[in-house]
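**Student:** Input: one structure, supplied below.
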Amino acid sequence: MKSNSKFIFLFVGWMLLWLVFVSSALAADLKVGPNSRYKTIAAAVAAAQPGDRVLVQQGLYQETDITIDKPISLVGINNPVVDGALKGQILTITSSRVVVKGITFKNVQVSHLKDHAAIKVVESRWVTLEDNTIENAYFGIYLQRSDSCTIRNNVIRGQGKTETSSGNAIHLWYCDYASIEGNKVSGHRDGIYLEFVKQSRATNNLSEHNLRYGLHFMFSDGNTYRHNTFRKNGAGVAVMYTKNIIMEHNRFEQNWGSAAYGLLLKEISRSTIAHNEFTRNTTGIYMEGSSKLSISDNEFNGNGWAVRLLSSCEEDTFRLNNFIGNTFDIATNGNSQHNHFSGNYWDKYAGYDLDKNKVGDVPYRPVSLYSMVVEKVPSSIMFMRSFIVDLMDAVEKVFPAFTPEKLLDEQPSMVRL
Amino acid sequence: MISIKNLNKRYGKLQVLNNLSVEFERGQVVSIIGPNGSGKTTTIKCLLGIVQPDSGEVYVDDELVLKQWEYRRKIGYMPQISHFPENMKVRQLFDMMKDIRKDVSELDEELIGLYNIQKMYDKRLGSLSGGMKQKVSASLAFLFQPDLLILDEPTAGLDPLSSEILKAKILKEKKRDKLILISSHIMSEIEEVADDILCMMDGRLCFYRSIAAIKEETGEARLGKAIAKLITY
Amino acid sequence: MDKVIKYVLYDILRNRIVLGYTIFLLIMSLGMFQLENDPAKAVLSLLNVVLLVVPLISIIFATIHFYNSQEFIELLVAQPINRQKIFYSEYLGVAISLATAFLTGVGVPLLLFGGGAIRSGAAGIYLITAGLFLTFIFVALAFLASVLTSDKAKGIGLALLLWFYFSLLYDGLVMMVLFYFSDYPLDKFSLAMLSLNPIDLGRVLVLLQIDVSALMGYTGALYKNLFSNFTGVLYACLLMLAWAVLPLMLAKRIFIRKDL
Chain A
4 MKSNSKFIFL
14 FVGWMLLWLV
24 FVSSALAADL
34 KVGPNSRYKT
44 IAAAVAAAQP
54 GDRVLVQQGL
64 YQETDITIDK
74 PISLVGINNP
84 VVDGALKGQI
94 LTITSSRVVV
104 KGITFKNVQV
114 SHLKDHAAIK
124 VVESRWVTLE
134 DNTIENAYFG
144 IYLQRSDSCT
154 IRNNVIRGQG
164 KTETSSGNAI
174 HLWYCDYASI
184 EGNKVSGHRD
194 GIYLEFVKQS
204 RATNNLSEHN
214 LRYGLHFMFS
224 DGNTYRHNTF
234 RKNGAGVAVM
244 YTKNIIMEHN
254 RFEQNWGSAA
264 YGLLLKEISR
274 STIAHNEFTR
284 NTTGIYMEGS
294 SKLSISDNEF
304 NGNGWAVRLL
314 SSCEEDTFRL
324 NNFIGNTFDI
334 ATNGNSQHNH
344 FSGNYWDKYA
354 GYDLDKNKVG
364 DVPYRPVSLY
374 SMVVEKVPSS
384 IMFMRSFIVD
394 LMDAVEKVFP
404 AFTPEKLLDE
414 QPSMVRL
Chain B
7 MISIKNLNKR
17 YGKLQVLNNL
27 SVEFERGQVV
37 SIIGPNGSGK
47 TTTIKCLLGI
57 VQPDSGEVYV
67 DDELVLKQWE
77 YRRKIGYMPQ
87 ISHFPENMKV
97 RQLFDMMKDI
107 RKDVSELDEE
117 LIGLYNIQKM
127 YDKRLGSLSG
137 GMKQKVSASL
147 AFLFQPDLLI
157 LDEPTAGLDP
167 LSSEILKAKI
177 LKEKKRDKLI
187 LISSHIMSEI
197 EEVADDILCM
207 MDGRLCFYRS
217 IAAIKEETGE
227 ARLGKAIAKL
237 ITY
Chain C
817 MDKVIKYVLY
827 DILRNRIVLG
837 YTIFLLIMSL
847 GMFQLENDPA
857 KAVLSLLNVV
867 LLVVPLISII
877 FATIHFYNSQ
887 EFIELLVAQP
897 INRQKIFYSE
907 YLGVAISLAT
917 AFLTGVGVPL
927 LLFGGGAIRS
937 GAAGIYLITA
947 GLFLTFIFVA
957 LAFLASVLTS
967 DKAKGIGLAL
977 LLWFYFSLLY
987 DGLVMMVLFY
997 FSDYPLDKFS
1007 LAMLSLNPID
1017 LGRVLVLLQI
1027 DVSALMGYTG
1037 ALYKNLFSNF
1047 TGVLYACLLM
1057 LAWAVLPLML
1067 AKRIFIRKDL
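Residue numbers (the numbering used here), protein chains in the order written: chain A, 4 to 420; chain B, 7 to 239; chain C, 817 to 1076.
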């Protein structure tokens, strides 16, 4: 018994020793730098074994078409810069479990034939890209058919001038279970672009000054978007052909223009939009063919149109939202309405509350006659707040004849929520 | 000093001045008379540039004055009715006029003294009675020692005592070789101050003679009767 | 010119109507800020009143003042001073007094209560700008109406008509035209129409601050350029200046040749 246990103890000891030896042999650190063994990243990557770390020292590296095809970590020490010099793609990852961290990539060529990116991940899983800076790239981070990847705390700044000569900052195509956190993206075509991406999360990102959309996703069901800020993007945020999404605590700010929206919803269903702030957008939410949405506890402040609800929308519920300082609260294009409004606060509400239950005693009609006139004759927008328009709206409020009869909030809140 | 040549003025269909020509000299006191609507006021207004004639010329000291304004520094004008800005104080009115005529250094403040205008200095013009306004107006007309005085019904709103003061002032100024034009209906007054009478009728000159000549011609001792006689001729 | 203008100002500033106008604006502005929690909303309510009341009071008061000053103007004309100066002095006297009343009545409360929020702050500044412009414009229009006819009743009637036309009739007519011809591109037309009404220009000036989000939704490229930067403000201001200067010049021309 005793020798047996001794044997087992020795065996385990040997095994542990071997493990330490082997793993330390596998996890070698390969240094890249002007005074290091490897002068180029490509050479270090080629020499690295799976599990190794390639430590890139401070410096400027003129390299393109580096390919990582084994699970290694590429780590920048003191922020090294890799300059693609506008010649093709910089880094391609074709292996799972790769980590790229703390490196600045810049100058990626614009190509209309290939989607050149600073970092491209192809058919790999569990790849982590964090704390990188990408400047003046065509595409910033580009993932295709790669599940369970993490893109965290990267800064991606493009210098796009037109939509066609600029790619997306973060681009995911057929990638499930992705986590996109804390990135700051700007100056690209779309800030974050997701197509066929399911069960993923985007949180705490800042997407601003992009040419088209701050966030753009299509056919991407079951995703969650929280605490993101989308500001001053050419056309705001567009989400299309998707169901089961959750958008909470996001901020949509200052998306201005004739086709700009805080949030554009097209063919979206069974989703939740709550606790978001829509501030000073041309249109806060534009909804087309969207159904069974719960839109609650949002703040619409100083938008041109807080909500444009096209008559193709059904069974959407607006509850407990604040509508403050918007030029138009709700605009619609037809007379039929199958949506539900209840308990919202409307700053334009002029009703009374005799029983003091903080709910207005008469319903509020958020669609004004003038908003319908503007819908039909856009140039009449110039007469906003003129005496004649106020008169017209006042008459319509007393004798509704043109505005949708059923579009009303039966229980408007008297106090800001 | 003043020469009016072929003056014409028409208000719509009404010919107010019809080819009027007349001359006035310094040292003269001329009373302009005539029935209502005969063109007295229009003539005065043409002289002052308040009304622009349709044709004809007005010379002051051989200078064509139509559409000019500098020549008015030689003129003191007392309008028939005085309407001043309500909330302006009497002092401010005088200050303003002095501001406009800064070039005049020696002011004639005799009437201001005689009418006791200083007492009114801090009153609003809107609070003054019609007669008090006329006193203000008369004082203003004489203030800048103009060579030409145009007085439109000067005594109309004045009490007898004030009228006397004004008449005495007119005679005093006459002696200083000034030309004084007075439009008036009150014959006794005219007789007292004027030398010559300019009578107008339908915008034309009816007659322009000295009072002595008029009396002599008609043989009437009373001016009113004499003039009535002349007009009916 | 300053010789006369100073005294005209003395007179009008102590006018009861001007004092009443100041107090009315003051009470109204203070009331708006007390009733509305959001200063931006108060500015909006003020905008409506300013666009209606300022032109109305300006044009009516100036017309009545002009007719009431008839004899005084005659007296001035008989003085060694040219008519142009008299005219401008009277104009500036009236316009500056009304502008002062407006600044006191609306500007001071705005400064006290509306300056806090950025949005209402900018809008407030433009509201004041618009109100001042409208004052000068409608006093000019009043003087034009006054020199066009010697009959006081006719003159006041004309002034009221001008006000009614600019504040209500005009917009209604243009909106109708826009509505009936909505199939045609009417960008330039509506912009031109806008420029032909000073009240609309004043309104747009404030609109550019408050409702820019909505204005940016308009598709015309012309407008986009106009709204997105300072051009729009400059455009509106220059046109409003023209709206004050042109009627004034015309009125002056008539006044110089007019029999008083």
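The beta-carbon is built from N, C-alpha and C at its ideal position, and this holds for glycine as well.
Would you check whether the ligand PLP has a heavy atom nearer than 7 Å to the C-beta of residue 336/A?
**Tutor:** Within the structure as shown, the ligand PLP is missing, as the structure has no ligands at all.
**Student:** Say whether chain B places a C-beta atom closer than 8 Å to the C-beta of residue 1075/C.
**Tutor:** By one-based count along the third sequence, residue 1075/C stands at place 259. Yes, contact with chain B.
**Student:** For the alpha helix (DSSP H) that contains residue 343/A, what are its first and last residues?
**Tutor:** Within the first sequence, numbered from 1, the residue matching residue 343/A stands at position 340. Counting along the chain, residue 343/A falls outside any alpha helix (DSSP H), though it belongs to the beta strand (DSSP E) covering 341-345.
**Student:** Would the beta-carbon of residue 153/B fall within 8 Å of that of residue 80/B?
**Tutor:** For the purposes of this step, residue 153/B is taken as residue 147 along the second sequence, with counting starting at 1. For the purposes of this step, residue 80/B is taken as residue 74 along the second sequence, with counting starting at 1. Contact flag set, yes.
**Student:** So, helix, strand or coil for residue 880/C, using DSSP?
**Tutor:** Working through the third sequence from its first residue, we reach residue 880/C at position 64. Helix, per DSSP.
**Student:** Taking the alpha carbon of residue 830/C as the reference point, which residue from 1032/C, 971/C and 910/C has its own alpha carbon closest?
**Tutor:** As a first step, residue 830/C is located in the third sequence; it is residue number 14 there, counting from the start. Comparing Cα positions, the closest option is 910/C.
**Student:** Which residues mark the beginning and the end of the beta strand (DSSP E) in which residue 282/A is found?
**Tutor:** Position 279 of the first sequence holds residue 282/A. 280-282 is the span of the beta strand (DSSP E), which, as asked, contains residue 282/A.
**Student:** Spell out the partners DSSP gives residue 423/A in its beta bridges.
**Tutor:** Nothing can be reported for residue 423/A: it is not among the residues displayed for chain A, which extend from 4 to 420.
**Student:** Residue 233/A to residue 213/A, Cα distance in whole Å?
**Tutor:** Taking the first sequence and counting its residues from 1, one reaches residue 233/A at position 230. Taking the first sequence and counting its residues from 1, one reaches residue 213/A at position 210. For residue 233/A and residue 213/A, the distance between alpha carbons rounds to 9 Å.
**Student:** The alpha helix (DSSP H) that contains residue 145/B, what's its start and end?
**Tutor:** As a working note, residue 145/B is residue 139 in the second sequence. Looking at the DSSP string, the run of the alpha helix (DSSP H) that includes residue 145/B is 136-149.
**Student:** Give the single residue among 1060/C, 1055/C and 828/C whose Cα lies nearest to the Cα of residue 6/B.
**Tutor:** Within the shown structure, residues of chain B are numbered from 7 to 239, placing residue 6/B beyond reach of any answer.
**Student:** Pull up the CB-CB distance for residue 34/B and residue 201/B, whole angstroms please, since I reckon it's below 8 Å.
**Tutor:** Sequence index remark: in the second sequence, residue 34/B carries index 28 (1-based). Sequence index remark: in the second sequence, residue 201/B carries index 195 (1-based). Yes, they are in contact, since the Cβ atoms of residue 34/B and residue 201/B sit about 6 Å apart, within 8 Å.
**Student:** Using a Cβ-Cβ cutoff of less than 6 Å, which residues in the same chain neighbour residue 176/A once the five nearest sequence positions on both sides are dropped?
**Tutor:** Position 173 of the first sequence, counted from the first residue, corresponds to residue 176/A. The answer, listed in chain order, is 147 and 198.
**Student:** Identify the residues that DSSP records as bridge partners of residue 206/A: which are they?
**Tutor:** For this step, residue 206/A is matched to residue 203 along the first sequence. Answer is 184/A and 229/A.
**Student:** If we count the other Cβ atoms within 10 Å of its Cβ and call it buried at 16 or more, is residue 330/A buried or exposed?
**Tutor:** Position 327 of the first sequence holds residue 330/A. That one is buried.
**Student:** Per DSSP, which residues does residue 287/A bridge with? Please list them.
**Tutor:** The residue labelled residue 287/A in the question sits at position 284 within the first sequence. Note: residue 287/A sits in no beta bridge, so no partner.
**Student:** If you drop the 5 nearest sequence neighbours on each side, which residues of the same chain put their C-beta closer than 6 Å to that of residue 392/A?
**Tutor:** Position 389 of the first sequence, counted from the start, is the residue given in the question as residue 392/A. Once the five neighbours on either side are set aside, the close Cβ partners of residue 392/A are 373 and 386.
**Student:** Is the Cβ-Cβ distance between residue 195/B and residue 181/B less than 8 Å?
**Tutor:** Within the second sequence, the letter at position 189 stands for residue 195/B. Within the second sequence, the letter at position 175 stands for residue 181/B. Not a contact, by the Cβ cut-off of 8 Å.
**Student:** Using the beta-carbon of each residue, which ones in chain B are nearer than 9 Å to residue 887/C?
**Tutor:** Here residue 887/C refers to the residue found at position 71 when the third sequence is read from its first residue. Chain B residues near residue 887/C: 85, 87, 88, 89 and 90.
**Student:** With H, G and I counted as helix, E and B as strand and the rest as coil, what does DSSP make of residue 54/A?
**Tutor:** Residue mapping note: residue 54/A aligns to position 51 of the first sequence, counting from 1. Reduced to three states, the DSSP call for residue 54/A is coil.
**Student:** What distance in whole Å lies between the Cβ atoms of residue 290/A and residue 268/A, which are believed to be in contact at a cut-off of 8 Å?
**Tutor:** Residue numbering aside, residue 268/A sits at position 265 when the first sequence is read from its first letter. Residue numbering aside, residue 290/A sits at position 287 when the first sequence is read from its first letter. The Cβ separation is near 5 Å, so the contact holds.
**Student:** Against chain C, with Cβ distances strictly below 8 Å, would residue 124/B count as a contact?
**Tutor:** By 1-based counting over the second sequence, the position of residue 124/B is 118. No, its Cβ sits nowhere closer than 8 Å to a Cβ of chain C.
**Student:** Quick one: what does DSSP say residue 52/B is sitting in, helix, strand or coil?
**Tutor:** By 1-based counting over the second sequence, the position of residue 52/B is 46. Note: residue 52/B maps to helix in three-state DSSP.
**Student:** Measuring alpha carbon to alpha carbon, tell me which of 143/A, 125/A, 308/A and 245/A ends up nearest residue 202/A.
**Tutor:** As a working mapping, residue 202/A is identified with position 199 in the first sequence. Closest by C-alpha distance to residue 202/A, out of 143/A, 125/A, 308/A and 245/A, is 245/A.
**Student:** Between residue 115/A and the rest of its own chain, which residues show a CB-CB distance below 8 Å, the 5 nearest in sequence each way excluded?
**Tutor:** Looking up residue 115/A in the first sequence gives position 112. 167.
**Student:** Quick one: give me the first and last residue of the alpha helix (DSSP H) that residue 1010/C is part of.
**Tutor:** Residue numbering aside, residue 1010/C sits at position 194 when the third sequence is read from its first letter. 1003-1011 is the span of the alpha helix (DSSP H), which, as asked, contains residue 1010/C.
**Student:** What's the C-alpha gap between residue 903/C and residue 1071/C?
**Tutor:** In the third sequence, counting from the first residue as 1, residue 903/C sits at position 87. In the third sequence, counting from the first residue as 1, residue 1071/C sits at position 255. So the two alpha carbons sit approximately 7 Å from each other.
**Student:** Throw me the rounded Cβ distance for the residue 136/B and residue 22/B pair, which I believe falls under 8 Å.
**Tutor:** Residue mapping note: residue 136/B aligns to position 130 of the second sequence, counting from 1. Residue mapping note: residue 22/B aligns to position 16 of the second sequence, counting from 1. Not really, about 27 Å apart at Cβ, beyond 8 Å.
**Student:** Residue 827/C by DSSP, collapsed to three states: which one?
**Tutor:** Within the third sequence, numbered from 1, the residue matching residue 827/C stands at position 11. Of the three classes helix, strand and coil, the one that applies to residue 827/C here is helix, per DSSP.
**Student:** Considering just the uninterrupted stretch of the beta strand (DSSP E) at residue 88/A, what are its terminal residues?
**Tutor:** On the first sequence, residue 88/A is found 85 positions in, with the first residue counted as 1. Careful: residue 88/A lies outside any beta strand (DSSP E) and carries neither H nor E.
**Student:** Which residues share a DSSP beta bridge with residue 241/A?
**Tutor:** Within the first sequence, residue 241/A is the residue found at index 238, counting from 1. The partner list for residue 241/A (beta bridge, DSSP) reads 219/A and 267/A.
**Student:** Return the first residue and the last residue of the alpha helix (DSSP H) that residue 66/A is part of.
**Tutor:** Reading the first sequence from its first residue, position 63 is the one you call residue 66/A. Counting along the chain, residue 66/A falls outside any alpha helix (DSSP H), and DSSP gives it neither H nor E.
**Student:** Express the C-alpha separation of residue 919/C and residue 1077/C in angstroms, rounding to a whole number.
**Tutor:** The first residue shown for chain C is 817 and the last is 1076, placing residue 1077/C beyond what the model contains.
**Student:** Where do the ends of the beta strand (DSSP E) carrying residue 214/B lie?
**Tutor:** The residue given as residue 214/B occupies position 208 in the second sequence. Bounds of the beta strand (DSSP E) holding residue 214/B are 210-216.
**Student:** Starting from the beta carbon of residue 57/B, find every residue of chain C whose beta carbon is closer than 8 Å, and list them in chain order.
**Tutor:** Walking along the second sequence from the start, residue 57/B turns up at place 51. Below the 8 Å Cβ cutoff, chain C contributes 1075 and 1076 as neighbours of residue 57/B, in chain order.
**Student:** Would you mind telling me which residues of chain B sit closer than 9 Å to residue 955/C, beta carbon to beta carbon, in chain order?
**Tutor:** Here residue 955/C refers to the residue found at position 139 when the third sequence is read from its first residue. Chain B residues near residue 955/C: none, gap ~16 Å exceeds 9 Å.
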